Structure formats: structure tokens, C-alpha cells
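In the numbering used here, the protein residues as written are 231 to 709.
Okay, structure coming up:
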């Protein structure tokens with residue numbers, strides 16, 4: 231078995247948990263990032279030749295019961311990483327589900343694709359140990375201590391408070407379209423992972439400063455053109471949208487509970503590329519000397535991607551609820567509202583259609599728009615950050631790969647199998663992901679462009695944190 235497979239195995243356990251519990255993309259991406267950071271921290275500490283930075287201090291790694299610093303002893307890298315992942319998932323999911331239920335008033339809405347699923351629990355993932363008892367004990371102690379050190383830094387319950395003042399009577403302001411109240415409005419206020427504050431450094435510039443208020447934006451020609459495009463291409467039964475555009479719209483959606491959500495789709499792409507590029511295996515030169523550690527590189531890749539994506543979620547939500555600033559935020563209404571109420575926007579170039587609905591749909595067929603402001607697109611921000619991390623890790627953009635989808639509405643081939651899509655670069659996939667939200671009828675193109683802008687920036691900055699440095703070898707390492 232390739233050394234890096236343990237990372238993929240736990241990534242799959244995490245994705246299964248996401249499908250099971252559901253919920254908001256930001257907090258879910260946080261759990262994935264915590265898990266992969268814990269695995270990376272374990273592996274880079276227990277690999278004597280690792281040139282990569284550690285993001286915890288030795289003094290942070292303590293027994294959660296005794297508060298005593300835990301040393302690695304005879305811990306084994308892959309087993310320690312697995313224990314770290316297990317303890318992160320067990321605790322983080324428990325805290326997240328409990329906090330989400332409280333934020334929802336203990337009432338779970340089965341029609342809301344972004345709320346924790348009815349019946350969601352925090353069942354512990356199973357852990358199969360592949361080492362001796364003595365090594366397993368040291369590995370679990372060290373892995374658990376790493377997990378709890380990260381949980382202490384990044385509380386899974388943070389940012390779930392629903393308290394925020396919205397003005398649904400203000401033209402242009404986001405309002406409930408029937409898919410639930412504003413979701414995780416304070417998510418943009420939580421700390422970025424590993425990066426210094428402020429999040430304010432990552433606000434978008436696609437909408438120019440002279441239009442960053444409702445009156446000027448809604449009356450602008452820019453807004454009128456954007457609205458006309460999504461009205462034409464994103465309508466549920468649009469005859470202008472091509473078959474491929476419909477396929478693209480649904481392929482990238484993955485909004486519904488029961489899927490692994492947008493970050494999960496990008497993790498699956500990461501798995502595909504890691505396998506085809508040989509990241510999981512140890513590499514030797516022509517003389518038989520090791521030149522690459524499959525476990526270390528796989529752990530680093532997934533930690534880089536996971537951290538980039540949780541940071542993308544934070545900067546996207548900062549823009550959604552607090553752009554251009556907290557005192558006068560522009561929380562832009564969804565196209566569904568904008569088109570149905572275009573007679574209120576003050577723009578002579580727009581026309582209202584009270585019956586317009588987006589292509590986006592729940593399993594029942596009922597149309598919906600995600601329950602948070604439009605600008606910027608979360609999908610686009612996630613995708614751009616993912617692409618930036620992948621480019622940084624592999625050192626190039628032009629790697630071809632095939633991507634899959636879990637969206638239940640996805641188009642299928644003659645055998646009933648959901649269609650895949652082929653891409654020639656990470657950038658191509660990210661741009662298509664953002665564009666898909668226009669075809670789905672839930673975003674304007676400037677939402678996608680703004681998300682790509684800030685997602686790329688935060689992804690690049692995050693990737694820099696995992697680059698090689700001169701480092702003191704880790705103590706007490708066993709092969």
C-alpha cells in the first residue's frame with residue numbers, strides 16, 4: 231500500500247461524515263482543515279528529514295486531561311496521523327453538530343440544504359491500528375495531543391451564532407427566498423487558519439468603489455447587464471442555456487445535504503491528482519536513495535488544500551456580510567429576488583418577472599437560492615483557493631484530470647452513471663466552477679469574479695505557509 235494512502239483513507243472518512251451530517255460549507259471546511267492539519271503536524275514532526283514548517287509549538291502539544299506536554303516517544307508517523315485524524319473528527323463533529331442545533335433553535339429544517347441534517351449525530355469514526363501495542367499507545371497519545379492542541383486554537387463551534395442585523399426592506403439587501411434565514415452570518419469574523427489578521431485584507435475589488443452602495447450599484451449599467459445575463463441563462467426552464475451549460479451548472483452545485491459539499495468535490499479532485507501524479511508513493515533516485523516521502527508529501531498536500539479552503543470560506547463570508555465595511559455592508563440580494571423585484575431597483579434597463587425561478591433545485595424539485603448574500607460566490611472562492619494551492623504544490627497549472635460530481639440532479643450517461651468532466655488545468659476548473667453559478671441561476675458573474683480574486687489571493691498566501699524551510703530534525707523518530 232502506498233504510504234500516502236492513510237491520508238486518503240481519512241479524507242474519505244471525513245467526506246462520509248460530511249454527507250451524513252450536512253450543514254454549512256464554512257464550518258464543514260473547518261473540520262476538514264483541522265483534520266488534515268493534525269495529520270500534517272504529526273507526520274512532519276515524526277519524519278526526521280522533513281524540511282517543512284510545523285505550525286504548533288512543542289509546548290502546545292499536551293495531554294488534554296493532565297495538561298502535561300506529550301513527547302513523541304516511539305510514536306509511528308502514519309499511525310500517529312491516523313489517531314490525530316480520529317480524535318479531531320470525533321470531537322469536532324460532536325461540537326459542530328451540537329452548536330449547529332443550538333444555533334437553529336433545536337429545530338432542524340429538512341427543506342434547507344445548508345442546515346445540519348435531521349438525525350445527525352457525532353458517531354466516532356472507526357480506527358484500525360497497524361502497529362504493535364507499544365507503538366500504538368505512543369502514537370495515540372501523541373496524535374491525540376496534537377488534535378486537541380489544534381482544537382484549542384480553532385474551536386469548531388466558533389462563528390455559528392446567527393446574530394446579525396439585516397434590513398430586508400432595503401432594496402438590494404439579501405432576504406429569505408424560502409430556503410431559510412441567513413446562514414452563518416458571522417463566519418467571516420473568525421480567525422483565518424495560520425494567516426495573520428485582518429481578514430479585511432482579502433475583500434474583493436471587482437465591484438468598483440463608486441458602486442459599493444445599493445443605490446449606485448442597482449442603477450448602474452454593470453448591474454443591469456449582469457442581471458440580464460443570469461435572468462436569461464439561469465432560469466429554471468431557460469431555452470437560451472445550452473445542454474453543456476446545464477451540465478456545468480449542476481455538475482458543480484453539490485449544495486444539497488447528502489453530498490460532500492463544494493469543498494468535498496475539490497478534495498476528491500485532490501485525491502485524483504495525487505494518485506495520478508504519484509504523490510502517495512516514496513520516490514528514489516537512480517541509485518536507490520530516497521528523494522521523496524509519500525506520506526509526508528500527501529499529508530502536506532491535503533493540509534495545504536484544506537487550510538486554503540477554510541480560509542477561502544472565511545474571506546468569502548466576510549465579503550458576503552461585511553463588504554465594503556461593517557458599518558455600511560452591502561449584502562446583495564440573490565438574482566431570484568432581484569429579477570422578481572426589478573421594478574423596485576430604480577434601473578430603467580431591468581424588467582421584473584414575478585414568476586422567475588433559478589435552475590437550482592432541491593430533491594423535491596422545489597427551486598431554491600442558497601440562504602446567504604450573493605456577493606461573492608463561495609463556490610468560486612473555494613475553487614480559486616484550491617487551484618492556487620494545487621498550482622503551488624505541483625509547481626505548475628497544466629495538469630489534466632477528470633472530475634466527478636455527487637449532485638443528485640447531475641446529468642447521466644446511457645448507463646445511468648453521473649457524467650464526469652475533463653480539465654486541462656486547475657485554473658480552467660476553478661473558472662468553470664465559478665461560472666457554473668450563473669448557469670444555475672443563483673449568482674451574478676461579478677460574484678464569481680470577486681470570489682476568484684480573493685480566493686486566489688488567500689490560497690496563494692496559505693500555500694506559502696507549507697513551503698520548505700531549514701528545520702531542526704524531529705526527536706525520537708521511528709521508521
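Where a beta carbon is used, it is the ideal one built from N, C-alpha and C, also for glycine.
Model, not experiment: these values are computed from the prediction.
Member of the options whose CA lies at the smallest distance from the CA of residue i
i: residue 527; options: 295, 302, 307; result: 307
i: residue 432; options: 444, 396, 372, 542; result: 542
i: residue 566; options: 603, 312, 594, 413; result: 603
i: residue 384; options: 545, 653, 268; result: 268
i: residue 657; options: 671, 325, 622, 239; result: 622
i: residue 624; options: 640, 684, 694, 555; result: 694
i: residue 305; options: 272, 403, 556, 484; result: 272
i: residue 605; options: 585, 553, 696, 584; result: 553
i: residue 412; options: 398, 420, 402; result: 398
i: residue 635; options: 482, 281, 523; result: 482
i: residue 611; options: 644, 593, 538, 653; result: 538
i: residue 322; options: 379, 290, 639; result: 379
i: residue 414; options: 348, 453, 395, 508; result: 395
i: residue 345; options: 563, 601, 570, 688; result: 601
i: residue 410; options: 343, 330, 471, 288; result: 343
i: residue 350; options: 487, 652, 317, 474; result: 487
i: residue 534; options: 434, 364, 285, 295; result: 285
i: residue 401; options: 564, 629, 685; result: 564
i: residue 393; options: 364, 646, 347, 551; result: 551
Helix, strand or coil at residue i according to DSSP, with G and I counted as helix
i: residue 638; result: coil
i: residue 469; result: coil
i: residue 631; result: strand
i: residue 295; result: coil
i: residue 588; result: strand
i: residue 487; result: strand
i: residue 345; result: coil
i: residue 514; result: strand
i: residue 359; result: Because residue 359 carries a pLDDT of 49, less than 50, the predicted location of this residue cannot be relied on, and the following value inherits that uncertainty. Correct three-state label for residue 359: coil.
i: residue 674; result: coil
i: residue 283; result: coil
i: residue 232; result: coil
i: residue 417; result: helix
i: residue 556; result: coil
i: residue 423; result: coil
i: residue 500; result: helix
i: residue 687; result: helix
i: residue 443; result: coil
i: residue 451; result: helix
i: residue 367; result: helix
i: residue 301; result: coil
i: residue 373; result: helix
i: residue 570; result: helix
Same chain, Cβ closer than 6 Å to residue i, five either side skipped, listed in chain order
i: residue 417; result: 256, 389, 547
i: residue 359; result: Only weak support exists for where residue 359 lies, its pLDDT of 49 falling under 50; the value from the coordinates is given anyway. Counting only Cβ-Cβ distances below 6 Å, and skipping sequence neighbours, we find 366.
i: residue 499; result: 633
i: residue 536; result: 262, 263, 266
i: residue 573; result: 582
i: residue 326; result: 257, 386
i: residue 660; result: 613, 614, 617
Cβ shell of residue i (< 7 Å), same chain only, five flanking positions each side left out
i: residue 459; result: 668, 675
i: residue 248; result: 258, 490, 491, 494
i: residue 607; result: 664, 667, 673, 677, 678, 681
i: residue 597; result: 466, 587, 588, 590, 591
i: residue 642; result: 648, 649
i: residue 530; result: 270, 282, 696
i: residue 501; result: 238, 241
i: residue 310; result: 272, 276, 369, 372, 373
i: residue 429; result: 418, 422, 544, 545, 548
Contact belief for residue i with residue j at Cβ below 8 Å, rounded distance in angstroms
i: residue 259; j: residue 540; result: 5 Å
i: residue 314; j: residue 377; result: 5 Å
i: residue 691; j: residue 425; result: 6 Å
i: residue 560; j: residue 439; result: Residue 560 to residue 439, Cβ: 11 Å. No contact.
i: residue 233; j: residue 511; result: 7 Å
i: residue 300; j: residue 293; result: 5 Å
i: residue 627; j: residue 599; result: Their Cβ separation, rounded to whole angstroms, is 32 Å, which puts residue 627 and residue 599 out of contact at 8 Å.
i: residue 464; j: residue 689; result: Not quite, the Cβ-Cβ distance comes to about 27 Å (not below 8 Å), so this is no contact.
Residues of its chain near residue i, where Cβ-Cβ distance is below 8 Å and the 5 sequence neighbours each way are ignored
i: residue 303; result: 368, 371, 372, 706
i: residue 484; result: 490, 491, 492, 494, 495, 635, 636, 637
Residue i - partner residues in DSSP beta bridges
i: residue 649; result: Paired residue(s): none; residue 649 is not in a bridge.
i: residue 405; result: In the DSSP output, where bridge partners are listed per residue, residue 405 has none listed.
i: residue 562; result: 403
i: residue 739; result: Absent from the model: residue 739. The displayed extent of the chain is 231 to 709, so no value can be given.
i: residue 522; result: 513
i: residue 536; result: Its beta-bridge partners do not exist; DSSP assigns none.
i: residue 252; result: 346
Chain B contact for residue i (CB, 8 Å cutoff)
i: residue 581; result: Judged by its chain identifiers, the structure shown contains no chain B, having just a single protein chain.
Cβ-heavy atom distance, residue i to the ligand MN, below 7 Å
i: residue 507; result: With respect to the ligand MN, the structure shown offers nothing to examine, as it has no ligands at all.
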